[in-house]
Each structure stands twice: as structure tokens, then as C-alpha cells.
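See structure below.
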Amino acid sequence: MKNNSIKTLFVAALALAFTACMNLEPIDPNTTQMNNENSDQIIDALYAKLYVSFVQTGQTGGGGDADIISNDEGYSGFFRTLNVLNEFPTDAGWWTWRNDDGCSDLLMISWNPANGFVSKLYNRLNYAVTMSNHFLDLTEGTTDPEMIHKRAEIRFIRAINYYHLMDMFGNVPFTATVSTSNPEQIDRASLYEWLIDEIENGHNGKTYINHKTGEPLTSYKVTGDADHGFLQDLYAKGGTTIYRITKPAAYMLLARIYLNAEVYTGTPQWAKAEEAATKVIEDFPTLHPVYAQIFMGDNDVVAREEMVLLAAQDGYAIRSWAGSQSTIGATRNTNMNHCGTSDNNWGCWRSSPELIAKFGNFQGKTPAEIIALGGAYDEFDMPAIAGDDRAMFCAQNVNPNDGTLNTKGFAGLVPDNGAGFDSCWAICKWTNLYSTEFDASLHPLNDGHAAPQHDSKFVDTDVPIMRAAEAFLTRAEARYRQGKSEALDDINTVRNRAHATPLPAITDDEMLDEWLREFYYEGRRRIDLIRWGQFVGPTATRHWEGRGATGTGKMKSYTTKDAWNTDVAPLDDHWKLYPIPEQDVNNNPNVLQNPGY
Numbered sequence: 170m171k172n173n174s175i176k177t178l179f180v181a182a183l184a185l186a187f188t189a190c191m192n193l194e195p196i197d198p199n200t201t202q203m204n205n206e207n208s209d210q211i212i213d214a215l216y217a218k219l220y221v222s223f224v225q226t227g228q229t230g231g232g233g234d235a236d237i238i239s240n241d242e243g244y245s246g247f248f249r250t251l252n253v254l255n256e257f258p259t260d261a262g263w264w265t266w267r268n269d270d271g272c273s274d275l276l277m278i279s280w281n282p283a284n285g286f287v288s289k290l291y292n293r294l295n296y297a298v299t300m301s302n303h304f305l306d307l308t309e310g311t312t313d314p315e316m317i318h319k320r321a322e323i324r325f326i327r328a329i330n331y332y333h334l335m336d337m338f339g340n341v342p343f344t345a346t347v348s349t350s351n352p353e354q355i356d357r358a359s360l361y362e363w364l365i366d367e368i369e370n371g372h373n374g375k376t377y378i379n380h381k382t383g384e385p386l387t388s389y390k391v392t393g394d395a396d397h398g399f400l401q402d403l404y405a406k407g408g409t410t411i412y413r414i415t416k417p418a419a420y421m422l423l424a425r426i427y428l429n430a431e432v433y434t435g436t437p438q439w440a441k442a443e444e445a446a447t448k449v450i451e452d453f454p455t456l457h458p459v460y461a462q463i464f465m466g467d468n469d470v471v472a473r474e475e476m477v478l479l480a481a482q483d484g485y486a487i488r489s490w491a492g493s494q495s496t497i498g499a500t501r502n503t504n505m506n507h508c509g510t511s512d513n514n515w516g517c518w519r520s521s522p523e524l525i526a527k528f529g530n531f532q533g534k535t536p537a538e539i540i541a542l543g544g545a546y547d548e549f550d551m552p553a554i555a556g557d558d559r560a561m562f563c564a565q566n567v568n569p570n571d572g573t574l575n576t577k578g579f580a581g582l583v584p585d586n587g588a589g590f591d592s593c594w595a596i597c598k599w600t601n602l603y604s605t606e607f608d609a610s611l612h613p614l615n616d617g618h619a620a621p622q623h624d625s626k627f628v629d630t631d632v633p634i635m636r637a638a639e640a641f642l643t644r645a646e647a648r649y650r651q652g653k654s655e656a657l658d659d660i661n662t663v664r665n666r667a668h669a670t671p672l673p674a675i676t677d678d679e680m681l682d683e684w685l686r687e688f689y690y691e692g693r694r695r696i697d698l699i700r701w702g703q704f705v706g707p708t709a710t711r712h713w714e715g716r717g718a719t720g721t722g723k724m725k726s727y728t729t730k731d732a733w734n735t736d737v738a739p740l741d742d743h744w745k746l747y748p749i750p751e752q753d754v755n756n757n758p759n760v761l762q763n764p765g766y
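In terms of this note's numbering, the sequence shown opens at residue 170 and continues consecutively.
Here it is, written out as C-alpha cells:
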């Protein structure tokens with residue numbers, strides 16, 4: 170198809186340009202080792218690499234020549250590490266291989282500065298910042314119109330990485346140019362202001378505060394086009410390929426920042442969050458009507474009206490263990506229904522009972538009642554049983570290997586390492602099957618059709634980094650917080666797409682749970698729980714599998730199937746931030762560790 174050709178040619182060209190032009194050994198994120206013989210080639214290569222780094226982890230597709238020092242390259246990618254650190258400590262599910270480099274501590278909210286996954290995300294984000302700075306240094310002062318667009322895109326990529334550093338780590342080392350000096354640590358509230366200025370206002374006349382000294386940063390200088398926000402230099406929607414960053418993505422990032430402003434600065438900005446989300450909705454006024462297609466192998470073709478920012482995956486041209494390969498493979502084993510890839514046997518990430526209980530007809534029911542209602546259905550029938558198209562869970566299916574029934578339990582057991590994948594229903598939201606392989610009722614066709622996938626193992630499913638539903642829910646929450654009745658229209662727009670019963674009114678719990686129903690296993694749950702005071706601290710009133718557990722079998726979802734566990738473990742506020750990895754604190758005297766670590 171024409172659109173698939175555009176995807177393949179665009180992404181493959183970028184990836185090949187990078188590998189052909191650069192000679193990067195695995196690097197520490199604070200240093201960039203480059204061959205500067207041809208700056209034009211390096212500029213093209215950096216531009217390519219920064220785009221593919223949303224999902225790729227090195228210079229060899231599928232793993233090899235890793236970007237950063239890591240004991241497992243596949244775990245070191247942008248999208249995958251965000252999923253790990255934003256989903257594992259929450260009610261969104263359970264990772265069964267909990268001995269993987271500190272997973273157990275993440276699941277139970279008991280990590281420390283030596284946690285391997287904390288370092289992986291921190292290094293990945295800083296790696297992208299370093300490459301972005303290098304690109305911007307090399308293209309400083311350009312008057313070429315296309316390069317001005319590209320600079321804006323790279324400023325966006327730098328900004329979204331700094332956004333996640335601010336959200337995850339708070340006060341972080343900060344630099345806007347490549348330097349061999351130890352960076353100063355910017356105050357979290359100042360990084361919030363810098364991000365808004367970087368997107369919209371520019372930095373002329375602005376100062377930003379050093380967290381350690383309380384004084385203005387001494388090393389930061391406004392350079393080049395930083396006198397204005399990068400928003401004005403981006404293409405409008407439709408002005409370029411769907412794989413490049415456009416103005417709606419900038420407004421979506423702005424909306425994310427404003428929605429969480431109270432967390433970052435102590436002062437809410439609901440009206441500004443509403444305004445920025447409205448800007449996105451102006452360009453994306455309707456949601457893609459079929460929720461399941463957003464996560465299929467041809468989602469770039471059939472669901473593009475949902476995609477504000479899309480990271481490309483292609484089984485032939487762009488392979489990675491850190492994009493949708495992980496979200497598909499980790500949620501399957503070989504006893505389950507076919508999902509469009511032979512890499513379907515990880516058996517790692519499954520639902521929690523608390524996640525399932527948030528959907529439609531399962532709400533307000535005991536574990537026993539949920540089992541009786543949905544325990545005999547697979548991911549193709551479960552949405553109708555739940556009364557919500559987003560409830561793509563498998564409780565029971567016909568084993569494709571021998572025709573027997575493959576039945577999963579429904580228990581939040583806090584199992585031992587390597588156990589428990591089948592102890593609760595499987596998450597089947599992500600797939601490498603194409604929309605053309607389903608009938609009108611979203612059941613797979615069994616017609617002997619030729620497989621449309623580009624590879625039998627590596628997947629084609631693109632990763633939505635930003636999608637339109639986020640704008641509608643952001644505006645719904647921002648309006649609800651301001652007491653505006655229009656909030657109900659926005660949240661029901663999202664629910665109507667899922668054929669879920671419209672809400673007659675919004676409550677705090679419904680607003681928070683709608684974020685989970687729409688975005689589970691997309692790498693954001695922790696952020697929403699923190700914003701609503703339900704992650705840790707004295708305001709938290711929710712329990713979920715493993716929250717605050719001290720070992721196997723502790724803090725289960727329930728003890729008897731007739732009642733949920735309501736024992737909420739007291740957890741200190743300091744868990745809202747991850748620690749700065751100990752190596753950075755030890756090596757950089759400008760950095761103070763976060764409180765509680």
C-alpha cells in the first residue's frame with residue numbers, strides 16, 4: 170500500500186543514514202563520541218537517530234551496538250523504560266519476571282538509587298538530550314527553511330525528554346549545549362518554566378534557578394532561535410509526513426505540562442491545560458472510531474486520525490525490543506491466540522484484578538462475580554462482556570497448539586519470580602495483526618489469507634507516543650477541576666468511541682479511572698495516580714496487587730473471592746520521585762540526591 174511504502178521508505182532512509190554516517194560505540198550518556206569528518210552527514214544522522222530513538226536502542230535493528238551502557242539493551246529504550254517505571258508500580262498489571270534488574274522493587278514500591286531500571290531511563294533520557302544539543306549546536310544560525318523546521322522538531326524531542334526527567338526525577342542536571350563540564354542541577358519548578366518558554370515564549374530575559382545554590386544557573390545561555398518558542402517553527406498538521414513532529418504535538422506536550430503543573434510547582438494551571446488541549450482538538454476533532462485498530466500492525470494507515478505523534482516500527486526496516494515488540498511479546502505465551510508474530514512467548518506482563526475491575530460491567534463487583542461474568546471469554550469476546558471495547562483481556566481461549574482450553578486465573582497473588590503469568594487474565598491490547606485480518610465484529614478471519622506482516626517475527630505496529638484521546642481526557646479533567654459542565658461531553662466522547670455507557674456525572678474516581686481504561690499499558694499510569702494523590706502519601710486510599718508488599722504473597726488483591734483487600738499500605742511521599750542514579754550523584758558534585766534516598 171502507498172502509505173506503508175511512505176512509512177518504510179521514510180524510516181528506513183533515516184535508519185540507514187544514521188548507521189552509514191556515524192561510528193558510535195556504546196557510550197556513557199554524558200559523552201558523545203563522534204566522527205566529525207562530515208558535519209552535514211552527522212547532522213542528517215543525528216536527526217534520524219533522534220527520531221528512531223523513541224523505540225530503537227542501538228545501531229543494529231533488534232539489538233546490537235547499544236546506545237548506552239546497559240546489562241540488557243532491550244530494556245533500555247525510551248518507550249519501554251517509560252512503560253516499566255510508569256506502569257509497574259501501579260494498578261495496571263504485574264510483571265512476572267520480577268528478578269529482572271530491580272523489577273521486584275518497582276512492583277512493590279521499594280526501589281533505591283542503585284535500581285537498574287531507574288538508571289536505564291535516566292540514561293536514555295539524557296542520551297537524547299545530549300544528541301539533541303549536538304544537533305542544535307551544529308545547525309546554529311541556519312537560515313535554510315527546512316533546517317529551521319528540523320531544529321524545531323529536535324527542540325521538541327529534547328523538550329519531551331526533559332519533561333520526563335522533570336516528571337520522574339524532579340531536579341535534574343541541565344544543559345542546552347554540548348559541554349565537557351559537569352552540568353548544574355536545575356530546580357524542578359524552573360525546568361517547568363524553561364519547558365513552557367522553550368515551547369511557546371522563548372528565553373530572552375529569563376533566568377532559571379540552580380537547585381543546589383538557589384541562584385540563577387550560571388552556565389545557561391540563550392542561543393540562536395531560543396529567542397522564541399519552537400512551536401512557531403513546526404509544520405502545521407498535514408504539512409509533512411505523519412512521522413514528523415507537528416504543531417499539535419507541541420500543544421499536546423504543553424497540555425501535559427500544564428495538567429501536572431500543581432505536582433511540579435505547587436500551583437495548578439487547569440485553564441491553561443484546557444486551552445492547550447483545545448488546540449490539539451482543533452486539529453483532531455474526532456477520534457478514530459475503532460479503539461482496537463490503534464494498536465494493530467497497520468495502525469499508521471487505518472488509525473492515523475488518532476495519531477498526534479507516532480513512532481515507527483517496521484518488521485523489515487526498523488526493529489527493536491523496546492517498542493511494540495515488547496508490549497506484544499510480553500503479554501503473550503504460545504498457548505494464546507495468534508497475534509501476528511512468532512515472538513509471542515515472553516509471558517511477562519499480565520493484568521491485575523484491580524485493572525479489570527475498572528471496566529464497565531465489572532465495576533462494583535466482587536472477584537467471584539467478575540470470574541462468573543467474564544472467566545470463559547477471550548480478547549475478541551471480552552469487550553462485549555465487559556461493555557467496553559477497551560477491555561481487551563483474555564481469560565480463556567482455545568489453545569492453538571492442541572485444541573484444549575487455556576484457562577487463566579483471576580488472582581492478584583504477588584507471585585514469586587517467573588510464576589503467575591496465568592494467575593490473572595492476559596492483556597491483549599497490542600497486536601501485530603492487521604485490521605484486514607478481522608471481520609466487522611473484530612474477530613479474526615480464518616480464510617487462509619496471506620500474512621500482510623513485513624516479517625514473521627519483528628512487528629509492524631507503530632507506537633503512539635501521543636494520541637488524540639489524551640487531548641479529550643486532558644480537557645475533560647481540566648474542565649472538571651474548574652467546575653465546568655462541558656467536562657462531561659469530553660469524557661463521554663472518549664467513552665462513546667469505546668461503546669461504554671456514557672457517564673451521567675463525573676467524580677474524582679471516575680476521572681482517574683477513565684485515564685486507566687483508555688491508556689493502560691501505554692506508559693503513564695503513575696503520573697495520573699500522583700496527580701490525583703492516589704499513588705503514595707497520606708491522601709492515597711487505594712490498594713492494588715503488591716502495593717507496599719514486602720515479599721511473595723504479601724498485599725494480595727483479595728484473600729477471599731467475596732471481597733477485595735482494602736488494606737492500604739502507608740507509603741511516604743518521597744516515592745513520587747525516583748532517585749538520581751547513584752553514579753551521577755557520585756560523579757557530579759553539582760547534584761543533590763532527591764529526599765528520602
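Note that the Cβ used here is the ideal one computed from N, Cα and C, for glycine as well.
Expressed to the nearest angstrom, what Euclidean distance is found between the alpha-carbon atoms of residue i and residue j?
i	j	result
Ser521	Lys725	10 Å
Ala486	Thr708	48 Å
Cys593	His397	51 Å
Glu646	Asp336	19 Å
Leu685	Asp753	33 Å
Arg711	Thr643	22 Å
Cys190	Gly227	Residue placement at Cys190 cannot be trusted, given a pLDDT of 32 that sits under 50; what the coordinates show is reported in the next sentence. Distance between the alpha carbons of Cys190 and Gly227: 14 Å.
Leu614	Asp608	6 Å
Asp512	His372	47 Å
Glu538	Ala637	34 Å
Ile355	Tyr361	10 Å
Ala718	Ala588	17 Å
Tyr296	Pro673	46 Å
His507	Pro569	8 Å
Glu443	Thr410	27 Å
Among the options, whose alpha-carbon lies nearest the alpha-carbon of residue i?
i	options	result
Thr735	His743, Arg716 and Pro385	Arg716
Ala472	Arg666, Glu242 and Ala560	Arg666
Glu632	Asn252, Ala217, Gln228 and Phe641	Note that residue 632 is Val in the sequence shown here, rather than Glu. Val632 has its Cα closest to that of Asn252, out of Asn252, Ala217, Gln228 and Phe641.
Gly498	Val628, Gly233, Arg324 and Asp731	Val628
Trp439	Leu364, Ser610 and Gly652	Gly652
Ala419	Lys390, His303, Ser359 and Val477	Val477
Tyr727	His318, Glu714 and Tyr332	Glu714
Thr630	Asn284, Leu524, Lys218 and Leu479	Leu479
His668	Ser625, Asp585 and Phe528	Phe528
Leu334	Ile696, Lys390, Asn504 and Gly722	Ile696
Pro352	Asp270, Val298 and Gly578	Val298
Return helix, strand or coil for residue i, following the three-state DSSP convention.
i	result
Pro621	coil
Gln565	strand
Met300	helix
Arg519	strand
Pro758	coil
Thr670	coil
Arg488	coil
Asp314	Per the sequence presented here, residue 314 reads as Pro, with Asp not at that position. The answer is helix: DSSP assigns Pro314 an H, G or I state.
Met724	coil
Leu746	coil
Phe248	helix
Asn172	The pLDDT assigned to Asn172 is 47, lower than 50, so where the model puts this residue is not dependable; a value taken from the coordinates is nonetheless given after this. Helix.
Thr200	Residue placement at Thr200 is flagged as unreliable, the pLDDT there being 41, under the threshold of 50; a coordinate-derived value is accordingly withheld.
Met465	coil
Pro342	strand
Leu193	Residue confidence for Leu193 is low, a pLDDT of 33 falling below 50, so the modelled location carries little weight; the figure read from the coordinates is stated next. Coil, per DSSP.
Leu290	helix
Met551	helix
Val432	helix
Leu582	coil
Val477	strand
Lys730	coil
Based on the DSSP output, what are the partners of residue i in its beta bridges?
i	result
Ala235	Gly227
Thr576	Gln565
Asp483	Ile487
Trp713	DSSP, once it has assigned bridges, lists no residue as partnering Trp713.
Trp264	Trp518
Leu215	Note: Leu215 sits in no beta bridge, so no partner.
Taking 6 Å as the cut-off, is the beta-carbon of residue i closer than that to any non-hydrogen atom of the ligand MG?
i	result
Thr311	With respect to the ligand MG, the structure offers nothing, as it holds no ligand at all.
Ignoring anything shorter than 4 residues or poking outside the segment 351-430, list the alpha helix (DSSP H) runs there in chain order. The DSSP assignment places 357-365 and 416-428 as complete runs of the alpha helix (DSSP H) inside the segment 351-430, in order along the chain (cut-off: 4 residues).
Just to confirm the assignment: which complete beta strand (DSSP E) runs, minimum length 3, are found wholly within the segment 596-667? The beta strand (DSSP E) runs of length 3 or more contained entirely in the segment 596-667 are, from start to end of the chain, 632-636.
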